[in-house]
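**Student:** I have a structure I would like to understand better, so I am pasting it below and will then ask my questions one at a time.
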Amino acid sequence: MMPAARGHRLFVAAAVAIAAALLLHAQAWRFICDDAYISFRYAWNLAEHGALEYNLGERVEGYTNFLWVLVLALGTCLGAPPEALAPWLTQLGALAGAAATVVLVRALRGASGPWRVADLIPAMLLAAAPEYVVWAQGGLETAWAAALTLAAMAAAASGRWRAAGLLTALAGLTRLDAVLPIGVFVGTWMLGHVLRGTRERLPRPREALIAAALAAGPLLGHLLLRYTYYGEWLPNTWTIKRHGRLLRDTFGVAYVGAWASALRLVWLAPLALLLRPRHAALVLPAAAVLGYAWSVGGDFMAYGRFLVVATALTAGLVGWLLLEAGERWLGRRGPLVAALVGAALAAVLGVTSRERFNRDRATPTGWLDGRWEGVTAMDRFARERIHVGSWMFNNLPPDTTITVGAAGALPYASRLRAVDVYGLVDPWPRQNEVRPQTRARPGHQLMAPQAVILARDPDLLCHVGHVGPQRPSPAAAQSRGFGRNVQWACVEPGPVADAREPGGVLDVGYYCCLRPRGRTVGPFNDGAGP
Numbered sequence: 154m155m156p157a158a159r160g161h162r163l164f165v166a167a168a169v170a171i172a173a174a175l176l177l178h179a180q181a182w183r184f185i186c187d188d189a190y191i192s193f194r195y196a197w198n199l200a201e202h203g204a205l206e207y208n209l210g211e212r213v214e215g216y217t218n219f220l221w222v223l224v225l226a227l228g229t230c231l232g233a234p235p236e237a238l239a240p241w242l243t244q245l246g247a248l249a250g251a252a253a254t255v256v257l258v259r260a261l262r263g264a265s266g267p268w269r270v271a272d273l274i275p276a277m278l279l280a281a282a283p284e285y286v287v288w289a290q291g292g293l294e295t296a297w298a299a300a301l302t303l304a305a306m307a308a309a310a311s312g313r314w315r316a317a318g319l320l321t322a323l324a325g326l327t328r329l330d331a332v333l334p335i336g337v338f339v340g341t342w343m344l345g346h347v348l349r350g351t352r353e354r355l356p357r358p359r360e361a362l363i364a365a366a367l368a369a370g371p372l373l374g375h376l377l378l379r380y381t382y383y384g385e386w387l388p389n390t391w392t393i394k395r396h397g398r399l400l401r402d403t404f405g406v407a408y409v410g411a412w413a414s415a416l417r418l419v420w421l422a423p424l425a426l427l428l429r430p431r432h433a434a435l436v437l438p439a440a441a442v443l444g445y446a447w448s449v450g451g452d453f454m455a456y457g458r459f460l461v462v463a464t465a466l467t468a469g470l471v472g473w474l475l476l477e478a479g480e481r482w483l484g485r486r487g488p489l490v491a492a493l494v495g496a497a498l499a500a501v502l503g504v505t506s507r508e509r510f511n512r513d514r515a516t517p518t519g520w521l522d523g524r525w526e527g528v529t530a531m532d533r534f535a536r537e538r539i540h541v542g543s544w545m546f547n548n549l550p551p552d553t554t555i556t557v558g559a560a561g562a563l564p565y566a567s568r569l570r571a572v573d574v575y576g577l578v579d580p581w582p583r584q585n586e587v588r589p590q591t592r593a594r595p596g597h598q599l600m601a602p603q604a605v606i607l608a609r610d611p612d613l614l615c616h617v618g619h620v621g622p623q624r625p626s627p628a629a630a631q632s633r634g635f636g637r638n639v640q641w642a643c644v645e646p647g648p649v650a651d652a653r654e655p656g657g658v659l660d661v662g663y664y665c666c667l668r669p670r671g672r673t674v675g676p677f678n679d680g681a682g683p
């Protein structure tokens, strides 16, 4: 057995190395997706105009990450715009989530001695897994929602019930579905102690009531705020997401299957022989997360965004099982061997991650496996629309209204009023009965009828536009379903320096929207040509 001081130094060195590896891995996947700019727009409008709205004067709750939007708005007030602040926060959230997973497993094991390198096995695995590391980027609330969820579990397992209640509230305010795995974990953990006859580990009634109040109070307060401000008990996103049930047997099953395949869970099947009832505290919450993701039809983004908590719990379970097996069969040498095996598994994940990274980079447009949008494609899509949106901001009247299919980057950069034809940030889904499409991507199953779109009197129809190196033909404008009384309005923003492009230059070419004939929109008029 190594001296305590030496063991502590080794643990600290390993923890720092793993944190550095996670951040370096995350940098390779650097991106901000289009969806993130939806929250950015809400945050910007709150900071600049005092309105938690997407289109000013139109109260629609098109986000599910209330606390994330508030933090970004605060950053904006302090001079850090969302697109600059979010990447730092997401990476910090990923580190916090990995640390919370390590603390959670140690608490469940009942360990009380010095920290050992073997305790870091879950963090080793997470630092190598794209299903975790990718969401240290992206600009979304995903990393912090997972970190707060895991921290709430760790606090409960450690007997810090008031902290668990507060963390549960913060997790739910960041993303409401975070409450599901926390609830399953607490219920499973408590039942386990009842069945094992260790009721002394359970909170006293008064302590439990205080924790419940700390968890439920802020969530109920937010519910009342939503109804008071938006006039609805549920966010507008629920109107869209509830149709995901129609995709359960297609996208939903494939989504969960792709996650399991990416984590190489089949290789870990022998560890299932080591499972005991005590491990249900990690297995059942992970299963709840998987079940929820399946129930909403999965996601169109690659790398398991909805399953980050399940990824962390799986890494924690593997670390727990390896450490227990090592201690049982190898005695004092067990933790060292477990750490080496964990490092080997992380290395294998790292090798496969490199292969998947190269495949992703080779797909700057289109879909991975015909279903999922990869990081490279999401990143380029958003950067193109930020470039075009900046041109619109500088060249179009501020009262211009555009239609969009992607409600993030383009409206955010242009600051123009936007009609979201998929309805996520728009009131039309609550005002019109529309049959959902059963073969559409998750989150894109409702499409605004043409009559609804035209009733909003948009100046530019960008959701049926054209992007490419060549101008579209005038005749092509007539094939977009809006009749013959439209023509192209083509933005040509020009090339711009961009280190993420292979040649260091981003050149969108032409970004064209349809414009009603007879309507002048900035530089676009009937005599200006396409």
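Numbering (this note's numbering), first residue to last: 154 to 683. We put the CB at the ideal spot given by N, CA and C, even for glycine. Quick caveat: nothing in here was measured; it's all calculated off a predicted structure.
Out of Gly-451, Val-639, Ala-196, Gly-656, state which residue places its alpha-carbon closest to the alpha-carbon of Pro-674.
**Tutor:** According to the sequence provided, residue 674 is Val. The question's Pro does not apply to it. Selected option, being the one with the closest Cα: Val-639.
**Student:** Give me the Cβ distance between Tyr-664 and Val-644, rounded to the nearest whole Å; I'm assuming they're in contact under 8 Å.
**Tutor:** Indeed, because the Cβ distance is near 4 Å, the residues count as touching under 8 Å.
**Student:** Is Met-600 helix, strand or coil when you go by DSSP?
**Tutor:** The answer is coil: DSSP assigns Met-600 none of H, G, I, E or B.
**Student:** Measuring CB to CB, does Trp-289 end up less than 8 Å from Thr-243?
**Tutor:** Reading off the sequence, residue 289 comes out as Ala, not Trp. A contact, by the Cβ cut-off of 8 Å.
**Student:** What would DSSP say about Thr-554, mapped onto helix, strand or coil?
**Tutor:** Thr-554: strand per DSSP, three-state reduction.
**Student:** Any chance the stretch 601-612 sits against the stretch 564-582, with 3 or more Cβ pairs inside 8 Å?
**Tutor:** Yes: at least three Cβ pairs fall under 8 Å.
**Student:** For Gly-503 and Gly-410, I'd like the C-alpha separation in whole angstroms.
**Tutor:** The straight-line gap from Cα to Cα measures roughly 20 Å.
**Student:** Compare the beta carbon distance of Pro-235 and Phe-193 with 8 Å and say whether it is the shorter of the two.
**Tutor:** Closer than 8 Å, so yes.
**Student:** Of the choices Tyr-195, Gly-210, Asn-208, whose alpha-carbon is the least far from that of Thr-217?
**Tutor:** It is Tyr-195 whose Cα lies nearest to the Cα of Thr-217.
**Student:** Could you pull out every unbroken alpha helix (DSSP H) segment of at least 4 residues lying fully inside the stretch 350-420, listed in chain order?
**Tutor:** Counting only runs of 4 or more, we get 358-383, 389-394, 406-415.
**Student:** For Cys-665, which residues does DSSP report across the bridge?
**Tutor:** Answer by DSSP bridge pairing, in chain order: His-619, Cys-643.
**Student:** Assuming Pro-684 and Ala-322 are in contact, meaning their beta carbons sit under 8 Å apart, how far apart are those beta carbons, in whole angstroms?
**Tutor:** Absent from the structure is residue 684, since the part of the chain shown begins at 154 and ends at 683.
**Student:** DSSP state of Asp-330, grouped into three classes?
**Tutor:** Reduced to three states, the DSSP call for Asp-330 is helix.
**Student:** Helix, strand or coil: which one does DSSP assign to Arg-624?
**Tutor:** If DSSP states are grouped into helix, strand and coil, Arg-624 belongs with coil.
**Student:** Taking 6 Å as the limit between beta carbons, can you name the residues of its chain near Arg-259, skipping five residues before and five after?
**Tutor:** These residues qualify, in order along the chain: Asp-272.
**Student:** Roughly how many angstroms separate the alpha carbons of Ile-606 and Thr-556, rounded to a whole number?
**Tutor:** Those two C-alpha atoms are separated by around 8 Å.
**Student:** Which value, in whole angstroms, describes the spacing of the CA atoms of Ile-393 and Arg-588?
**Tutor:** If you take the alpha carbons of Ile-393 and Arg-588, they lie about 11 Å apart.
**Student:** Rounded to a whole number of angstroms, what is the C-alpha to C-alpha distance between Trp-544 and Ser-567?
**Tutor:** Near 7 Å, if we compare the C-alpha coordinates of Ser-567 and Trp-544.
**Student:** I'd like to know whether the C-beta atoms of Leu-563 and Leu-549 end up nearer to each other than 8 Å.
**Tutor:** The answer is no: Cβ separation not under 8 Å.
**Student:** Can you check whether the CB of Pro-334 is closer than 8 Å to the CB of Pro-423?
**Tutor:** The answer is no: Cβ separation not under 8 Å.
**Student:** Among Thr-403, Asp-522, Trp-641, Arg-159, whose alpha-carbon lies nearest the alpha-carbon of Ser-626?
**Tutor:** Ranking the options by Cα distance to Ser-626, first place goes to Trp-641.
**Student:** Buried or exposed for Glu-526, going by 16 or more other Cβ atoms inside 10 Å?
**Tutor:** Answer is buried; the Cβ neighbour count reaches 16.
**Student:** How far does the alpha helix (DSSP H) with Val-461 in it reach, from first residue to last?
**Tutor:** It spans 461-483 - the alpha helix (DSSP H) in which Val-461 sits, taken as one unbroken run.
**Student:** So is the beta-carbon of Leu-273 under 7 Å away from any non-hydrogen atom of the ligand HEM?
**Tutor:** With respect to the ligand HEM, the structure offers nothing, as it holds no ligand at all.
**Student:** Three-state secondary structure (DSSP) at Met-154?
**Tutor:** Residue placement at Met-154 is flagged as unreliable, the pLDDT there being 48, under the threshold of 50; the coordinate-derived value follows with that caveat. If DSSP states are grouped into helix, strand and coil, Met-154 belongs with coil.
**Student:** Just checking my contact of Ile-171 with Ala-276 at CB under 8 Å: how many whole Å lie between their CB atoms?
**Tutor:** Yes, they are in contact, since the Cβ atoms of Ile-171 and Ala-276 sit about 5 Å apart, within 8 Å.
**Student:** Which whole runs of the alpha helix (DSSP H) in the stretch 177-251 are 4 residues long or more, in chain order?
**Tutor:** With a minimum length of 4 residues, the continuous alpha helix (DSSP H) runs that stay inside the stretch 177-251 are 189-202, 219-230.
**Student:** According to DSSP, simplified to helix, strand and coil, what is Leu-489?
**Tutor:** Of the three classes helix, strand and coil, the one that applies to Leu-489 here is helix, per DSSP.
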